[in-house]
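In order, the protein sequences belong to chains A and B. Using our numbering, the first residue of the first sequence is number 1124, and each one after it goes up by one. Using our numbering, the first residue of the second sequence is number 1124, and each one after it goes up by one. To keep things clear, I will list the structure first and then write my remarks on it.
There are 2 protein chains.
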Amino acid sequence: MSINPEKYNEWAAQRKAYSEGLTAAQLFPKLRMGDRGALASAITLIESTNPTHRTEANALITLCLPHSGNAWRIGITGVPGVGKSTFIEAIGHELLNQGHRLAVMAIDPSSSISGGSILGDKTRMESLSMREDVFIRPTATGKTLGGVAQHTRETIILCEAAGYDIIFVETVGVGQSETVVHSMVDFFLLLMLSGAGDELQGIKRGIMEMADGILITKADQGNEEAAKHAKRTYQNALHLFTAKDSGWIPKVACISSIEKTALNHPLTWWKSYFDQVTQSGYLSHKRKDQDLRFFEESFQQQLSQFMANNEQIHKGYKDLQSQILDGRCSPYEAADHLLHLITTAHGNL
Amino acid sequence: MSINPEKYNEWAAQRKAYSEGLTAAQLFPKLRMGDRGALASAITLIESTNPTHRTEANALITLCLPHSGNAWRIGITGVPGVGKSTFIEAIGHELLNQGHRLAVMAIDPSSSISGGSILGDKTRMESLSMREDVFIRPTATGKTLGGVAQHTRETIILCEAAGYDIIFVETVGVGQSETVVHSMVDFFLLLMLSGAGDELQGIKRGIMEMADGILITKADQGNEEAAKHAKRTYQNALHLFTAKDSGWIPKVACISSIEKTALNHPLTWWKSYFDQVTQSGYLSHKRKDQDLRFFEESFQQQLSQFMANNEQIHKGYKDLQSQILDGRCSPYEAADHLLHLITTAHGNL
């Protein structure tokens, strides 16, 4: 009896994943016990593009899903230099002191050319990262925004299954990624610099509309007046937006990294926000909404996997690419052919 | 003989598209003659989600494709307030005076909640928009970044078929959309404010790496020294990046909206850039690369259309959504089912 070489390769890959500790069966029990190393490996697994890893990642997510959805999912955004790390570090200590377990995911708009990562440039949140009950993970966005969304959503699920009850999703900048992040968090916190001018400039309007809370940072060292002025401006601006589905009225406060008491603001907001949306049933509605988006992203991700693993489609895809390069086929026609290949694949999964 | 109601609806929709002038056959000849109204209608057509419009849009793109690819595709980006509109207005007049025909596409990160559009907030490029031979169009990004990419790429093709030989794609902010835009333009121009501090801050690194040219704006009114300093800083920073595939060495210059002579810089850059990349063959290589990306985006777009129009898949999709909402199915399993539906659709196109 001869050995099917394809099956053999699959076995070999699975053995390798097992020996590396990168299987769902190995990771899940450790993850549930809150093992940080297992959580880190699990995230490495879901970020992997290796087909065997992907299979294990899928199995792991399926195991984790019933244990997810119970954390406060909080998005934190603001332009570089606004003081996100300082804020997260300060409030992180506070939350840990209160007995919470905190996971911080930093979405990192890595350079798509050199693959360089800006968050890797500096050591961040050093004192926070030393503590127990905290897990900090930068997520490189890689090439696609879809990839960010998929991995971040999956990472949230893993963290929740690992017992983290507060999840921060930090984004840098004011780009499209905030919209994606907004779709996966419950509370969206915007950090703004006062006195940087252009407080109400266009780019931030869309982001501002999403905000459940705005913190004006660095309201110290002679910047107090500007901060107060910014606060009034934002409060007025927030009135112009349509009411939120959550029924929550967005809050604005000034915050200083020197006066630690100001941290009470976001802590109070979160407490009353989650009380309110839990009672009103909005949170479970929001969770369902997040599930629907997860469905979309999982579908895209499984489709790519299917296309990569189905030999006929993979070959057809490569073939269409060379036809485009040779000018024998327009990109439009090629897309049509590819779609035909997929819809006639007869489910050769 | 009874009338098939489905066919009847299709006919009715086609008649309506025809009466509105929104068919490929009506628009294409006008477009080729450079009719701006037809171009505007064509863009409306490709932005429409109506299935009949989509069919006509596909036909129109197919007609236009052979007449596209000959323009200078220039991406222009910078944070709000950096002076993009002022710059485009000034250089736009100059290009028109030189006999060029200019299309300006502004990618507008509209608020995904209210649907509000920031570019609509203010009247922009007023004097430029009064001139002949210029076409200015804001593209709302809507919900998906994929949508931006698809529509912008299609709009470039339409503009080129309509005889515009210079295409500006303007983006606001420093988000993920720049990466997408970078993939569809030939020359990527970055506008930077001097003296705004944080010149080399993280977020801009990825964007800076993409830049073929950096203009430091508002180098006037006492800001000259800061601008010169910024120029040196950028020039040094650019040396740190890996050489570009195009062989082009990125340029840096200061620009003042008062001294119009500074406009010579980007004009000279573009001239020598396009000379260089045309001779080296890089431009045709780049066009092929752009075609491959267009292939990917067209595929995604045709897949969505297929899923919306195939009754069985559409029903299955809706069904899976309600199963997720009822908690009868995990988003992950649902994605798997949906993929199965599509791959077993037997090409019921």
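For each residue, glycine too, the CB sits at the ideal point set by N, CA and C. Given the structure is predicted, the values throughout are model-derived calculations rather than measurements.
Within the same chain, Cβ atoms closer than 7 Å to the Cβ of F1417(A) are found at R1276, the five residues on either side in sequence being excluded. Distance from the CA atom of R1355(A) to the CA atom of T1302(A), rounded to whole angstroms, is 25 Å. Nearest in C-alpha terms to V1375(B), of all of E1332(B), Q1344(B) and L1406(B), is E1332(B). At the C-beta level, A1353(B) and M1315(B) come within 8 Å of one another. Those residues of the region 1401-1432 of chain B placed with their C-beta closer than 7 Å to a C-beta in chain A are K1411, D1414, L1415, F1417, F1418, S1421, F1422, Q1425, L1426 and F1429, ordered along the chain. Within the same chain, and ignoring the five residues on either side of I1184(A) in sequence, the residues whose Cβ sits closer than 8 Å to its Cβ are I1169, E1277, I1280 and L1281. Note: F1291(A) is bridge-paired with I1197(A) and V1227(A) in the DSSP secondary-structure output. Around the beta carbon of A1163(A), a 10 Å sphere encloses fewer than 16 other beta carbons of the protein chains shown; the residue is thus reported as exposed.
In terms of CA proximity to A1360(A), G1336(A) leads the group G1370(A), Q1344(A), T1340(A) and G1336(A). Nearest to T1294(B) by alpha-carbon distance, out of R1451(B), Y1131(B), A1468(B) and I1211(B), is I1211(B). Listed in chain order, the alpha helix (DSSP H) runs fully inside the region 1150-1207 of chain A are 1159-1170 and 1174-1187, counting runs of at least 4 residues.
Of the candidates Q1221(A), D1309(A) and H1274(A), D1309(A) places its Cα closest to the Cα of Q1399(A). Between the alpha carbons of Q1344(B) and S1445(A) lies a gap of roughly 54 Å.
Look at M1315(A) here: in three-state DSSP terms it is strand. Its Cα nearest to that of G1204(B), the residue K1341(B) stands out among K1441(B), G1450(B), T1391(B) and K1341(B). Under the 8 Å criterion on CB atoms, A1468(B) is classed as interfacial with respect to chain A. Here the alpha carbon of E1249(A) sits roughly 39 Å from the alpha carbon of E1456(B). Contact of P1454(A) with chain B is assigned, a C-beta pair being separated by under 8 Å.
In this structure, L1448(B) sits away from K1409(A), with a CB-CB distance that is not shorter than 8 Å. Exclusion of the five residues before and after Y1287(B) leaves A1194, R1224, L1225, A1226 and F1258 as the residues of its chain whose Cβ lies within less than 7 Å of its Cβ. The beta-carbon of Q1444(A) is placed less than 8 Å from the nearest beta-carbon of chain B. The residues T1175, in chain order, have a CB closer than 7 Å to that of A1136(B) in the same chain once the five nearest residues on each side in sequence are set aside.
DSSP, reduced to helix, strand and coil, places T1340(B) within a strand of the structure shown.
Straight-line measurement puts the Cα of A1385(B) at about 7 Å from the Cα of S1379(B). Between the alpha carbons of T1209(B) and S1252(B) lies a gap of roughly 12 Å.
From the listed residues K1153(B), I1339(B) and F1429(B), the smallest Cα separation to L1464(A) is found for F1429(B). For D1309(A), no chain B residue has a Cβ inside 7 Å of its Cβ, as the nearest lies near 16 Å away. For chain B, the residues of the region 1166-1185 of chain A that bring a beta carbon within less than 9 Å of one of its beta carbons are N1181, I1184 and T1185, in chain order. An exposed status is given to G1370(B), since fewer than 16 other beta-carbon atoms sit within 10 Å of its beta-carbon. The alpha carbon of F1397(B) has as its nearest neighbour, out of W1134(B), A1182(B) and R1196(B), the alpha carbon of R1196(B). By alpha-carbon distance to E1143(A), the top candidate from G1157(A), D1158(A), Q1358(A) and E1179(A) is E1179(A). When secondary structure is reduced to three states using DSSP, C1452(B) falls in the coil class, being assigned neither helix nor strand.
Annotation: Cβ neighbours of D1459(B) in chain A (cutoff 9 Å, chain order): N1181, S1421, F1422, Q1425 and L1472. Closest in alpha carbon position to Q1424(A), among N1181(A), L1150(A), K1394(A) and W1134(A), is N1181(A). When secondary structure is reduced to three states using DSSP, K1367(B) falls in the coil class, being assigned neither helix nor strand. For T1466(B) against H1469(A), the beta-carbon gap comes to about 7 Å, under 8 Å, which counts as contact.
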